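Taking it in order: structure first as structure tokens, then the write-up.
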Amino acid sequence: MSIRKHRVMGNYGNAGYNAAEEITESLHKIMFAKRTNWNLTPNGLSEALAAHRAAGRPLFDLTVSNPTECGFEYDGAAILKALSNPAVLSYEPNSRGLESARRAVARYYGEHNAEVSLEDIFLTTSTSEAYSYAFRTLCDPGDELLIPSPSYPLFDFLADIQDVSLVRYPLVYDHGWQIDFHALEQAVTPRTRGVIVVHPNNPTGHFAKRAEIVKLNAICEARELAIIADEVFLDFSIAGEPAPSFAANGGALTFTLSGLSKICGLPQMKAAWLIVSGPKAMKNEAIARLEIIADTYLSLNAPVQLAIPNFLEERYAFQKQVISRVRSNLAELDRQLGAQESCSRLTVEGGWCVVLRVPATRSDEDLAIHLLATTGVCAHPGHFYEFPSDGQLVVSLITPEQGFAQGMRRLLSGF
Ligand SMILES: Cc1ncc(COP(=O)(O)O)c(C=O)c1O
């Protein structure tokens, strides 16, 4: 039996598995696909959290990201009514998804000044599924995609499952975050198929700026690379100024991804989409291939598709609450940070979380475990998001206000 080592890079707190650890011998290695040789032992923080909970100790959780558990008000009656449309009783398969739903998605982009045709929209069950469609359309096994670092740790598993290699391009922080274009260009190889942009990025909370979008298009156009733009947090601009969407981007072939889980705070409804734009011939070719992928799965259920127009209507009330909470938690954070000298925070433009700069006296994961033990506060270590050095913690800004203020006070008392 050959001992093949597989590397599982950065990982998400939800999954709770080990980051950047090598998998060694396993009894059943020959039986299963190498792409699934993941290290499934829980990471240290997950273990500490499980022990903390099991011991019944008080927990101040500053990592909450499930909007349905954060005390936001939803119009429950409207949501349930939208799910009981009599049209659910018939089946109308459509590889792109029901036209009424795509029309609502096109309207959403119209409100972002992006004209999107119904033919360019593919509905999926999640943004993650939309990623997999894009990866499958673009990449042969071993092909590469560039991803921002730091960023959301979902990509590693998604890429493993689709046999895609990820290559990181750095974001640099200097009075705000920017793409390091020199490093991005250096990272391109003959196997690179595209560049992923998270807009705004999670957890740095920065939007791609207009000049960056122009430059990204130029780089991708010149090298025939696609842009994959993840816009799940697009609507959550803290300053209130709407950011431009990639949905009608015309330079490079572009796949724009978003969905209801963040926009409407309805992750349980499992509805998202992928929009194709770019030079006509390339776009048509991509759409023809995507049609086959989507038609093979037809993965969305009818009740949710029929409800998408109503769910999107509900988003205004939800987003208003989120933005108000994020601003209020940031103001509270700044008040507390102003009263001490050990910690500070990075600039945040959008999204649901904030990065704290903390003394780098030990690894971020050890620090998070230590803080859980000493203060009862759970925060994400920066290394979950591939920060290049220690000294960062990530906390959720959608934590209910009182819990946030209390949790932050306790967290800061730990330094
Ligand atoms: C940047 C980003 N993209 C995608 C997702 C996943 O979205 P979905 O629930 O639609 O799969 C998340 C979830 O947290 C995210 O933070």
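In our numbering, the protein residues as written are -6 to 408. Think of the CB as a built atom: it goes at the ideal place given N, C-alpha and C, for glycine as much as any other residue. Quick caveat: nothing in here was measured; it's all calculated off a predicted structure.
{"Item": "Heavy atom of ligand 1 within 7 angstroms of Asp223 beta-carbon", "Value": "yes"}
{"Item": "Simplified DSSP assignment, three categories, for Ser389", "Value": "strand"}
{"Item": "Per DSSP, cross-strand counterpart(s) of Tyr166", "Value": "Trp170"}
{"Item": "Bridge partner(s) assigned by DSSP for Trp266", "Value": "Leu116, Ser251"}
{"Item": "Inter-residue CB distance, Ser317 and Val57 (contact presumed, cutoff 8 angstroms)", "Value": "With a Cβ gap of about 17 angstroms, Ser317 and Val57 do not count as contacting."}
{"Item": "Whole-angstrom distance between Leu116 and Leu91, CA atom to CA atom", "Value": "8 angstroms"}
{"Item": "Segments assigned beta strand (DSSP E), at least 3 residues, entirely inside the segment 61 to 136", "Value": "114 to 117"}
{"Item": "Cys257 in three-state terms, based on DSSP", "Value": "coil"}
{"Item": "Residue span of the alpha helix (DSSP H) that contains Val207, given as start and end", "Value": "203 to 216"}
{"Item": "N- and C-terminal bounds of the alpha helix (DSSP H) containing Ala446", "Value": "Residue coverage of the chain in this structure runs from -6 to 408, which leaves residue 446 outside it and unanswerable."}
{"Item": "Under the three-state DSSP convention, the category Ile221 falls into", "Value": "strand"}
{"Item": "From Leu267, Cys346, Leu305, residue whose alpha carbon lies closest to that of Thr120", "Value": "Leu267"}
{"Item": "Supposed close pair Glu307, Asp68 - CB separation, criterion 8 angstroms", "Value": "6 angstroms"}
{"Item": "Backbone CA spacing between Ser144 and Tyr166 [nearest angstrom]", "Value": "13 angstroms"}
{"Item": "Host alpha helix (DSSP H) of Gly37 (start-end)", "Value": "37 to 47"}
{"Item": "Simplified DSSP state of Leu365, which is helix, strand or coil", "Value": "helix"}
{"Item": "Closer than 7 angstroms: Ser119 CB and nearest ligand 1 heavy atom", "Value": "yes"}
{"Item": "As assigned by DSSP and simplified to three states, the class of Val57", "Value": "coil"}
{"Item": "Ligand 1 heavy atom lying under 7 angstroms from the CB of Gly400", "Value": "no"}
{"Item": "Option nearest Leu218 by Cα separation, candidates Asn195, His192, Asp136", "Value": "Asp136"}
{"Item": "Contact between the segment 76 to 84 and the segment 283 to 297 (3+ Cβ pairs under 8 angstroms)", "Value": "yes"}
{"Item": "Helix, strand or coil at Val188 according to DSSP, with G and I counted as helix", "Value": "strand"}
{"Item": "Stretch pair the segment 361 to 372 + the segment 244 to 257: three plus CB contacts closer than 8 angstroms", "Value": "no"}
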